[in-house]
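J.:
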Amino acid sequence: MVREEQTIITVAVQPNASRNQVTGIEDGICHLRIAAPPVKGKTNRELINFLSGILGISPSRLNIVKGMTSRRKTISIRGLTESQIIEQFEKLCQQP
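Numbering (the numbering used here), first residue to last: 619 to 714.
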């Protein structure tokens, strides 16, 4: 059985934004704006859906492993390398 690649990233989330967006990467932390309010896990669900969409993977491959109630979260991503993830985030940061 082949073991699937697993990457751990840290994100800083700003809830209640006007739209979902990657705003930058600073000191290894990806900064995101998420449109959902921080109520009853809505921001976390929206974060997972947003990340799965921009990374092109199933939401089931993403898991918040630390920071469920915090703005800073640690996320496990299965099936992508760190360089693949950073490349996608950087592309989104360069778009107007």
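Just so it is clear, CB atoms sit at the ideal spot from N, CA and C, and this is done for glycine as well.
1. For V657, is the classification buried or exposed, using 16 other Cβ atoms within 10 angstroms of its Cβ as the cut-off for buried?
2. Looking at the structure shown, is E644 part of a helix, part of a strand, or coil, going by DSSP?
3. Quick one: what's got a C-beta closer than 8 Å to I647's C-beta in the same chain, skipping five residues either side?
4. On the DSSP bridge list, what partners appear for S694?
5. Could you check the C-alpha separation between A654 and I704 for me, to the nearest Å?
6. If you count every other CB in all the chains shown that lies within 10 Å of the CB of N662, and 16 or more means buried, which is it?
7. Alpha carbon to alpha carbon, how far is S694 from L669?
8. Suppose the cutoff is 6 Å on Cβ atoms and the five residues either side in sequence are ignored; what does the same chain contact list for N634 look like?
9. Is there a Cβ from chain D that is less than 7 Å from the Cβ of I704?
T.: According to the structure data:
1. Per the 10 Å Cβ criterion, exposed.
2. Three-state result, E644: strand.
3. These residues qualify, in order along the chain: T628, V629, A630, R690.
4. I626, N681.
5. Their backbone Cα atoms lie some 23 Å apart in a straight line.
6. Classification of N662: buried, given that the 10 Å Cβ count is 16 or more.
7. Their Cα atoms are separated by approximately 11 Å.
8. The residues are P655.
9. Going by chain labels, chain D is absent from the structure shown, which holds only one protein chain.
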